[in-house]
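Peer 1:
Residue numbers (the working numbering): 8 to 198.
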């Protein structure tokens, strides 16, 4: 599941696993990592919910897949590629993952581009890049929220990758073929 041993059983660990079972029908490999520090996972996702509340589910998925594909995170690329496709747009998921941004509105494409810039080269963003977001209809608060959201998701991905969490075999099955075929980076899907 990961490079770590299974955490000691506790109510917090079981709650983490139960949440996955309720949401997905299986315990995600990354949850075995985060079960070592369940409070950190909870607080991280509370903060993600707070800053991400300005965006729709689809927009959050675009931010996540844009960032995940940029940093080579196969886990979140598959998980959110699947979620985006399930929400009705396999073309959008494939487009964001491939960097073509097919099936995205101009507003959504601006988000995907920003996610890639923040995740891949934050030190090279410019005022003109931020202006592109304003021109697409985003307020400065939304730009700040999108930036914090992407940075926190990149931190989440870094922990998962560093500790060897492989994408779940179930994700390899749940992700549509066009998404699974694109995700050739990062850790391979678990057996």
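Beta carbons are placed, not taken as given, at the ideal position from N, Cα and C, and that holds for glycine.
1. Looking at residue 123: is its Cβ nearer than 9 Å to the Cβ of residue 73?
2. In chain order, what residues of the same chain have a beta carbon less than 7 Å from the beta carbon of residue 181, not counting five sequence neighbours either side?
3. Can the beta-carbon of residue 68 be found less than 9 Å from the beta-carbon of residue 91?
4. May I ask you to verify whether the region 55-70 touches the region 153-162, counting CB pairs closer than 8 Å and requiring at least 3?
5. Return yes when the Cβ of residue 111 is within less than 9 Å of the Cβ of residue 102, no when it is not.
6. Would you call the region 37-50 and the region 129-142 in contact, with 3 or more CB pairs under 8 Å?
7. Using the three-state DSSP reduction, which class does residue 134 fall into: helix, strand or coil?
8. By DSSP, does residue 115 sit in helix, in strand, or in coil?
9. From residue 109 to residue 32, what distance separates their C-alpha atoms?
10. Where do the N-terminal and C-terminal ends of the alpha helix (DSSP H) with residue 77 fall, by residue?
11. CB-CB under 6 Å to residue 127, same chain, minus the five flanking residues each way: which ones, in chain order?
12. Output needed for residue 35: all residues of its chain with C-beta closer than 6 Å, excluding positions within five of it in sequence on either side, in chain order.
13. Restricting to Cα atoms, I'd like to know which of 196, 121, 24, 152 is closest to residue 59.
14. On the criterion of 16 or more Cβ atoms from any shown chain inside 10 Å, does residue 10 qualify as buried, or is it exposed?
15. How should residue 80 be labelled, buried or exposed, when 16 other C-beta atoms within 10 angstroms of its C-beta is the threshold for buried?
16. From what residue to what residue does the alpha helix (DSSP H) around residue 194 run?
17. Could you give the uninterrupted runs of the alpha helix (DSSP H) lying entirely in the region 10-39, keeping only those of 4 residues or more?
18. How big is the Cα-Cα spacing for residue 39 and residue 104?
Peer 2: Result, derived from the coordinates:
1. In the chain shown, the residue the question calls residue 123 occupies position 116. In the chain shown, the residue the question calls residue 73 occupies position 66. A distance below 9 Å separates the beta carbons of residue 123 and residue 73.
2. Reading the chain shown from its first residue, position 174 is the one you call residue 181. Cβ neighbours of residue 181 beyond the five flanking positions: 89.
3. In the chain shown, the residue the question calls residue 68 occupies position 61. In the chain shown, the residue the question calls residue 91 occupies position 84. Yes. Within cutoff.
4. Short answer: they touch.
5. For the purposes of this step, residue 102 is taken as the residue at position 95 of the chain shown. For the purposes of this step, residue 111 is taken as the residue at position 104 of the chain shown. Inclusion of residue 102 and residue 111 in the CB contact set at 9 Å is warranted, their separation being smaller than that value.
6. No, the region 37-50 does not touch the region 129-142.
7. As a first step, residue 134 is located in the chain shown; it is residue number 127 there, counting from the start. Note: residue 134 maps to helix in three-state DSSP.
8. Residue numbering aside, residue 115 sits at position 108 when the chain shown is read from its first letter. DSSP places residue 115 in helix when its eight states are reduced to three.
9. For the purposes of this step, residue 109 is identified with residue 102 of the chain shown, where counting begins at 1. For the purposes of this step, residue 32 is identified with residue 25 of the chain shown, where counting begins at 1. Approximately 31 Å between the Cα atoms of the pair.
10. Taking the chain shown and counting its residues from 1, the one referred to as residue 77 is at position 70. According to the DSSP assignment, residue 77 belongs to the alpha helix (DSSP H) that extends over 64-78.
11. Within the chain shown, the letter at position 120 stands for residue 127. If the five residues before and after residue 127 are omitted, its C-beta is found closer than 6 Å to the C-beta atoms of 77, all from its own chain and listed in chain order.
12. One-based indexing of the chain shown puts residue 35 at position 28. Within the same chain, 27, 175 come within 6 Å of residue 35 by CB-CB distance, once the 5 residues on both sides are set aside.
13. For this step, residue 59 is matched to residue 52 along the chain shown. Closest option to residue 59, judged by alpha-carbon separation, among 196, 121, 24, 152: 152.
14. Locating residue 10 in the chain shown gives position 3, where the first residue counts as 1. By the neighbour-count rule (16 or more Cβ atoms within 10 Å), residue 10 is not buried but exposed.
15. Taking the chain shown and counting its residues from 1, one reaches residue 80 at position 73. By the neighbour-count criterion, in which a residue is buried when 16 or more other Cβ atoms sit within 10 angstroms of its Cβ, residue 80 is buried.
16. Numbered from its first residue, the chain shown carries residue 194 at position 187. No alpha helix (DSSP H) holds residue 194; DSSP gives it neither H nor E.
17. For the region 10-39, the full-length alpha helix (DSSP H) segments reaching 4 residues or more read 18-31 along the chain.
18. Here the question's residue 39 lines up with position 32 in the chain shown. Here the question's residue 104 lines up with position 97 in the chain shown. Residue 39 and residue 104 have their C-alpha atoms spaced approximately 26 Å apart.
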